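Protein chains in written order, with our numbering: chain A, 38 to 308; chain B, 245 to 411. Here the structure comes first, spelled out in structure tokens, and everything after it is commentary.
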């Protein structure tokens, strides 16, 4: 199907060359659940045409509360989440090239290296650390989203979430305090307040939309204001997203966890 | 053989800032970008630009027939950098216009000899040359499996914003 030149007229404020930038950008999405499915839908609407999708999971009935594009029939057919995402993308943009990896990204890291931007929609702190480490090695911006539900006895539950832009050369998620020994140890001990990975569609939508907005700004520079990393905190009870206070107290200098001269494939040296 | 080049935003900014400065003798400046290597597939390489090194003023020769002519000290320094760090070297200079830059006859004549010297000390690295305009880029590189210079298929700057200089 051909689209008229004014197909994107409503987003022409993004800049005269913005659509070419968007179409040229190879987007990787690790995790096509509640967050990733929102993200690919919005990217397709915006006109992104090159996708690499990673997820080995199949849709289950419990996913229907939040997985965008998923249907009861998909549940009956045990459809892969990446197949649902691909159907969603191609339904909006038939010209889109969607590479589907029905596996965890770690098993196909060479494919991940091709991406210009990666959306991290993975579960857990350790998965985030691994994804960021690889993104840094190949100089790829990573936009991480995630949410959790906290329960304190005597109080209503609270939804918290984050959107983080981790840019090569800039402070990483460890520098920003999001990843730390405590959170990794707590996860290793399977600590949790409200069961395994509580998720709801509206908060996923807020976080996904914010992540997409960051990506569009990064690719088109429409706002002329995105000039450094981002760490936004979501609070479900108030419906607010605010910059994390830690951003004001980051140590000066380059990121010590991912030195920029540590990029590229690992070398094999005979000693 | 295919190669994509990805430059760290700070490296690109440092290169532009340095190469835009006037030189006492030469009409333009040159520099070197340090690159690490990644493989996307057996015949598709990724060159990751993670450092920029300016050529000191004293390493230029007074040679009016070219925009800039660097002497043996500059080449030796680039070769030593390969030995010290294991990083490949991309010779870089600016063309002062917008649109896709084209290499001059001098660039095309002299570049293979320079890259050959770099390959002598760093055969496991990628080397080459990149020309930047105000909004695009042109690059030729060699990779470990091929000593012939070939055009890079993409040049991307990973900064704020993300720039696709050649795609």
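The beta carbon of each residue, even a glycine, is placed where N, CA and C say it ideally should be. None of these values were measured; they are calculated from a predicted model.
Have a look at the DSSP bridge pairing and note the partners of residue i.
| i | result |
| --- | --- |
| residue 91 of chain A | A:67 and A:138 |
| residue 387 of chain B | B:390 |
| residue 226 of chain A | According to DSSP, which records beta bridges pairwise, residue 226 of chain A is partnered with nothing at all. |
| residue 400 of chain B | B:250 and B:408 |
| residue 337 of chain B | B:274 and B:375 |
| residue 288 of chain B | B:246 and B:285 |
| residue 157 of chain A | A:67 and A:181 |
| residue 280 of chain A | A:269 |
| residue 297 of chain A | Residue 297 of chain A pairs with nothing; no bridge assigned. |
| residue 382 of chain B | B:375 |
| residue 117 of chain A | A:95 |
| residue 332 of chain B | B:279 |
| residue 314 of chain B | B:304 |
When DSSP labels each residue in this structure, what does residue i get in the three-state scheme?
| i | result |
| --- | --- |
| residue 231 of chain A | Any reading at residue 231 of chain A needs caution, since the residue's pLDDT is 46, under 50, leaving its predicted position unreliable; the model's value is listed next. Three-state DSSP puts residue 231 of chain A in coil, outside helix and strand. |
| residue 356 of chain B | helix |
| residue 85 of chain A | coil |
| residue 254 of chain A | helix |
| residue 303 of chain B | helix |
| residue 272 of chain A | strand |
| residue 249 of chain A | helix |
| residue 350 of chain B | helix |
| residue 126 of chain A | helix |
| residue 395 of chain B | strand |
| residue 105 of chain A | coil |
| residue 75 of chain A | helix |
| residue 257 of chain B | helix |
| residue 298 of chain B | strand |
| residue 293 of chain B | strand |
| residue 244 of chain A | helix |
| residue 165 of chain A | helix |
| residue 265 of chain B | coil |
| residue 145 of chain A | helix |
| residue 342 of chain B | coil |
| residue 321 of chain B | helix |
| residue 364 of chain B | helix |
| residue 236 of chain A | coil |
| residue 47 of chain A | helix |
| residue 54 of chain A | coil |
Using only alpha-carbon positions, find the residue among the options that is nearest to residue i.
| i | options | result |
| --- | --- | --- |
| residue 71 of chain A | A:218, A:250, A:257 and A:159 | A:159 |
| residue 162 of chain A | A:199, A:154, A:94 and A:277 | A:199 |
| residue 285 of chain A | A:222, A:254, A:212 and A:293 | A:212 |
| residue 281 of chain A | A:50, A:197, A:189 and A:121 | A:197 |
| residue 295 of chain B | A:298, A:57 and A:83 | A:298 |
| residue 331 of chain B | B:292, B:383 and B:341 | B:292 |
| residue 402 of chain B | A:95, A:145, A:154 and A:133 | A:154 |
| residue 202 of chain A | A:111, A:177 and A:194 | A:177 |
| residue 45 of chain A | A:74, A:62, A:81 and A:69 | A:81 |
| residue 306 of chain B | B:300, B:315 and B:298 | B:315 |
| residue 364 of chain B | B:344, B:283, B:319 and B:407 | B:319 |
| residue 377 of chain B | B:268, B:312 and B:342 | B:342 |
| residue 123 of chain A | A:114, A:278 and A:136 | A:136 |
| residue 252 of chain A | A:278, A:179, A:221 and A:88 | A:179 |
| residue 349 of chain B | B:396, B:325 and B:310 | B:310 |
| residue 353 of chain B | B:313, B:329 and B:268 | B:313 |
| residue 151 of chain A | A:249, A:303, A:214 and A:90 | A:90 |
| residue 293 of chain A | A:78, A:209 and A:166 | A:209 |
| residue 266 of chain B | B:300, B:252, B:284 and B:283 | B:300 |
| residue 304 of chain A | B:258, B:297 and B:283 | B:283 |
| residue 286 of chain B | B:411, B:404, B:393 and B:389 | B:389 |
Taking the Cβ atom as the reference point for each residue, do residue i and residue j lie within a distance shorter than 8 angstroms?
| i | j | result |
| --- | --- | --- |
| residue 256 of chain A | residue 76 of chain A | no |
| residue 276 of chain B | residue 387 of chain B | no |
| residue 117 of chain A | residue 139 of chain A | yes |
| residue 383 of chain B | residue 260 of chain B | no |
| residue 334 of chain B | residue 264 of chain B | no |
| residue 280 of chain B | residue 301 of chain A | yes |
| residue 287 of chain A | residue 279 of chain A | no |
| residue 326 of chain B | residue 345 of chain B | no |
| residue 190 of chain A | residue 273 of chain A | no |
| residue 409 of chain B | residue 399 of chain B | yes |
| residue 186 of chain A | residue 79 of chain A | no |
| residue 323 of chain B | residue 358 of chain B | no |
| residue 385 of chain B | residue 368 of chain B | no |
| residue 66 of chain A | residue 156 of chain A | yes |
| residue 64 of chain A | residue 50 of chain A | no |
| Taking the runs of the beta strand (DSSP E) that are 3 residues or longer, which of them lie wholly in the region 172-220 of chain A? | 179-187 and 195-203
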